[in-house]
Structures are given as structure tokens and as C-alpha cells.
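Data block below; observations after.
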């Protein structure tokens with residue numbers, strides 16, 4: 009398959025390909041996606057959290073923690089997932105606070121994120 013088709017998944021860009029590149033490009037992408045966490049469109053905020061989770065850069069932890077209080081539950085839970093992928097201890101307390109106000113489905117995602125952070129702590 010050619011490179012263009014490899015980069016598409018159901019017509020959408022592959023986040024894994026979007027995040028590869030040079031160090032300077034990496035920093036620019038990181039800043040771009042952190043800024044997108046504040047976008048007016050919840051779909052853009054969700055995508056930003058998804059990509060930041062795949063980047064696994066600790067620079068994104070504080071902005072993702074702020075996103076745990078987004079008005080859109082899908083965005084909040086994607087931020088929780090992303091924090092689990094990054095595995096930074098700073099997310100533990102905010103995730104516990106979010107757990108107390110989310111529904112059962114949301115609590116499952118938050119539990120998985122907390123477990124991932126604990127694995128990182130114990131094996132990282």
C-alpha cells in the first residue's frame with residue numbers, strides 16, 4: 009500500500025503518523041495539541057487528548073489534568089485515558105476526584121488510567 013493510504017484510517021489521518029517527526033516538529037505538535045485542548049469544538053478537544061496520550065510527553069500532564077473538568081464527558085474521559093498512558097503521578101489525585109463524580113462507565117476508564125499509572129510507578 010502506498011504511504012498516503014497507510015496514513016489514512018477510514019479517511020481520517022492516523023494519529024500515530026501525525027506524531028512522528030523531528031524533535032523540533034515534536035515540540036511544535038505538542039504545543040499545537042495542548043492548545044487544541046481549549047478549542048471550542050469538543051471533537052477537536054477529544055482528538056487533542058487522544059494524540060497527547062499517544063505522545064506520552066509529561067509536558068501535557070498539567071493541561072490534561074485541567075481537561076478533566078471539561079464540560080463534555082467524552083473529552084474528560086479521553087483526558088483521563090491520556091493521563092493513564094503518560095503515567096505521571098501528578099494525575100492520581102485529580103483522577104480520584106473525577107472518579108467520585110463520573111458515572112459507572114467513566115469510573116471504569118478512570119480506574120484503568122489509575123492502574124496504568126501505578127504500573128508505570130512500579131515498573132518505570
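In this note's numbering, the protein residues as written are 9 to 132.
The beta carbon of each residue, even a glycine, is placed where N, CA and C say it ideally should be.
Cα-Cα separation between residue i and residue j, rounded to whole angstroms
i           : j           : result
residue 75  : residue 83  : 7 Å
residue 137 : residue 48  : Because the chain here runs from 9 to 132, residue 137 falls outside it and cannot be looked at.
residue 12  : residue 63  : The predicted model places residue 12 with a pLDDT of 37, which falls under 50 and marks its position as unreliable, so this point remains unresolved.
residue 126 : residue 33  : 30 Å
residue 43  : residue 128 : 26 Å
residue 200 : residue 36  : The structure shown has nothing for residue 200, since the chain only spans 9 to 132.
residue 98  : residue 111 : 23 Å
residue 115 : residue 45  : 22 Å
residue 113 : residue 77  : 17 Å
residue 107 : residue 79  : 15 Å
residue 24  : residue 58  : With a pLDDT of 48 at residue 24, under the threshold of 50, the modelled position of that residue is not reliable, and the figure given next carries that caveat. Spanning the two alpha carbons is a distance of roughly 10 Å.
residue 102 : residue 54  : 18 Å
residue 73  : residue 87  : 7 Å
residue 130 : residue 71  : 24 Å
residue 19  : residue 41  : The predicted position of residue 19 is uncertain, since its pLDDT is 43 and thus under 50; a value taken from the coordinates is nonetheless stated next. Residue 19 and residue 41: Cα-Cα distance of roughly 20 Å.
residue 105 : residue 119 : 12 Å
residue 100 : residue 66  : 14 Å
Cβ separation of residue i and residue j, assumed to be a contact under 8 Å, to the nearest whole Å
i           : j          : result
residue 121 : residue 89 : 6 Å
residue 124 : residue 92 : 4 Å
Run of the alpha helix (DSSP H) containing residue i, from where it starts to where it stops
i          : result
residue 71 : 69-75
residue 98 : It is not in any alpha helix (DSSP H) - residue 98 carries neither H nor E in the DSSP assignment.
residue 58 : 50-63
Residue i versus the options, residue with shortest Cα-Cα distance
i          : options         : result
residue 51 : 102, 81, 36, 77 : 81
residue 38 : 105, 60, 54, 53 : 60
residue 85 : 109, 41, 130    : 109
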